[in-house]
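The block underneath contains the structure these notes are about, expressed in structure tokens.
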Amino acid sequence: MDEFEAIYALVRTIPAGCVLSYGEVGDRVGARPRTVGRAMAHSAEEDQVPWHRVVGSDGTLRVARHSPVLAAEQRRRLEKEGIVFDSRGRVPISFFW
Numbered sequence: 005m006d007e008f009e010a011i012y013a014l015v016r017t018i019p020a021g022c023v024l025s026y027g028e029v030g031d032r033v034g035a036r037p038r039t040v041g042r043a044m045a046h047s048a049e050e051d052q053v054p055w056h057r058v059v060g061s062d063g064t065l066r067v068a069r070h071s072p073v074l075a076a077e078q079r080r081r082l083e084k085e086g087i088v089f090d091s092r093g094r095v096p097i098s099f100f101w
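Using the numbering used here, the first residue of the sequence shown is number 5, and each one after it goes up by one.
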């Protein structure tokens, strides 16, 4: 299994309504957080990877740096799963898996 596939396999196990940070995903599969970010960016819809469940270690939606449209989509998906954002637009630690 290549590095991206290992990352995808782990991200697929994150339950709905929970998130993991890029760093935590990386730690669990032996990859760097940037590699996790690249894997999420390269995942295709048919890969069925819930990319929206991976956030910054402080609960920020890191994708917002690159695409406000994707950040809005990520937030929409997380809210649909029951995640409530704090007043700064971050996912509270209580939602980390």
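No residue lacks a Cβ here, since even glycine has one placed at the ideal position from N, Cα and C.
In this text the structure is predicted, and so the values were computed from the model without any measurement.
Annotation for Thr39: the continuous alpha helix (DSSP H) segment containing it runs 37-46. DSSP places Ser91 in the coil class of the three-state scheme, outside both helix and strand. For the stretch 15-39, the full-length alpha helix (DSSP H) segments reaching 4 residues or more read 26-33 along the chain. When the alpha-carbon of Arg32 is set against those of His56, Glu7, Glu50, the nearest one is in Glu7. Looking at the DSSP output, Val58 sits in a beta bridge with Leu24.
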